[in-house]
Amino acid sequence: MLLEALDSLPPAERAAFVLNDVFALAPGAVADIVRQSEPQCVEPADRARQSLRARRGLPTSVAEHDAVVGAVRAACVSEDEGVLASLLAVDATAFFDGGGKVRALVKPVHGGAQVARSLLTLLARHPRTTLDTHAVNGRTGLMVQYGRQVAAVISLDVAGPQVVQVWVTVNPDKLRTWNHTCGLL
773 MLLEALDSLP PAERAAFVLN DVFALAPGAV ADIVRQSEPQ CVEPADRARQ SLRARRGLPT
833 SVAEHDAVVG AVRAACVSED EGVLASLLAV DATAFFDGGG KVRALVKPVH GGAQVARSLL
893 TLLARHPRTT LDTHAVNGRT GLMVQYGRQV AAVISLDVAG PQVVQVWVTV NPDKLRTWNH
953 TCGLL
């Protein structure tokens with residue numbers, strides 16, 4: 773989907789977006805590469821971001837969502853960071869909610885590769901970790917258990933074939949109901 777979206781952009785917007793957002797080049801460096809002024813590069817990159825965000829707003833079918841979540845689960849279980857990163861949008865973001873009760877990342881994690889790494893780190897914390905699909909907020913998500921304890925619930929926002937946002941709840945107060953519902957406490 774990302775390649776389709778990038779292909780749909782005019783060349784100037786595509787170049788400005790890729791150089792700025794993917795390769796993290798400063799607007800001045802982008803301007804030097806494409807031989808345009810900095811303002812001439814900033815505007816196309818902004819238009820590209822708006823266009824890509826608009827495409828994200830298209831609804832994903834339940835079957836597509838479930839297939840992506842299943843692929844994410846398989847990549848996590850096999851600990852394949854490359855495959856997991858490929859299932860995440862380049863600009864994916866993950867949010868971790870520890871509620872101040874458990875150690876969790878405080879700031880959002882940005883970028884597909886970084887989100888993949890943070891998820892695999894979460895799953896590697898305990899030797900008896902299991903990861904199963906489960907209904908989360910009305911859609912298929914993931915439930916992480918350490919032994920028989922629900923340790924995290926992961927909700928995934930999917931656009932096309934990729935995850936664009938990940939919401940990880942590790943706050944034990946918010947997981948109490950999960951542990952009771954699953955008959956674990």
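Residue numbers 773 to 957, in the working numbering, belong to the letters of the sequence shown in order.
Positions of the beta carbon are idealized from the N, C-alpha and C atoms, including for glycine.
Small disclaimer: the values here were computed from a predicted structure and weren't measured.
Contact between the segment 861-880 and the segment 801-810 is absent: fewer than three C-beta pairs spanning the two stretches fall below 8 Å.
Looking at the DSSP output, phenylalanine 868 shares a beta bridge with Val940. Contact between the segment 900-913 and the segment 854-865 is not established, with fewer than three Cβ pairs separated by less than 8 Å.
By the neighbour-count criterion, in which 16 or more other beta carbons inside 10 Å mark a residue as buried, phenylalanine 795 falls on the exposed side.
Taking the Cβ atoms as the reference, valine 925 lies roughly 6 Å from tryptophan 950, within the contact range of under 8 Å.
In the three-state scheme derived from DSSP, where H, G and I count as helix and E and B as strand, threonine 901 is classed as strand.
For threonine 893, the uninterrupted alpha helix (DSSP H) segment begins and ends at 884-895. C-alpha of arginine 920 to C-alpha of valine 802: approximately 51 Å in a straight line.
According to the DSSP secondary-structure assignment, isoleucine 926 is paired through a beta bridge with Leu914, Val940. Taking the C-beta atoms as reference points, leucine 892 is found nearer than 8 Å to cysteine 848.
By the neighbour-count criterion, in which 16 or more other beta carbons inside 10 Å mark a residue as buried, aspartate 804 falls on the exposed side. The C-alpha of glycine 913 is placed about 14 Å away from the C-alpha of alanine 866. Listed in chain order, the non-local C-beta contacts of glutamate 851 below 7 Å within the same chain comprise Leu892, local neighbours out to five positions each way being set aside.
Just so you know, the alpha carbons of lysine 946 and proline 783 end up roughly 46 Å apart.
Taking C-beta separations shorter than 7 Å and ignoring five residues to either side along the sequence, the partners of alanine 787 in its chain run Val806, following chain order.
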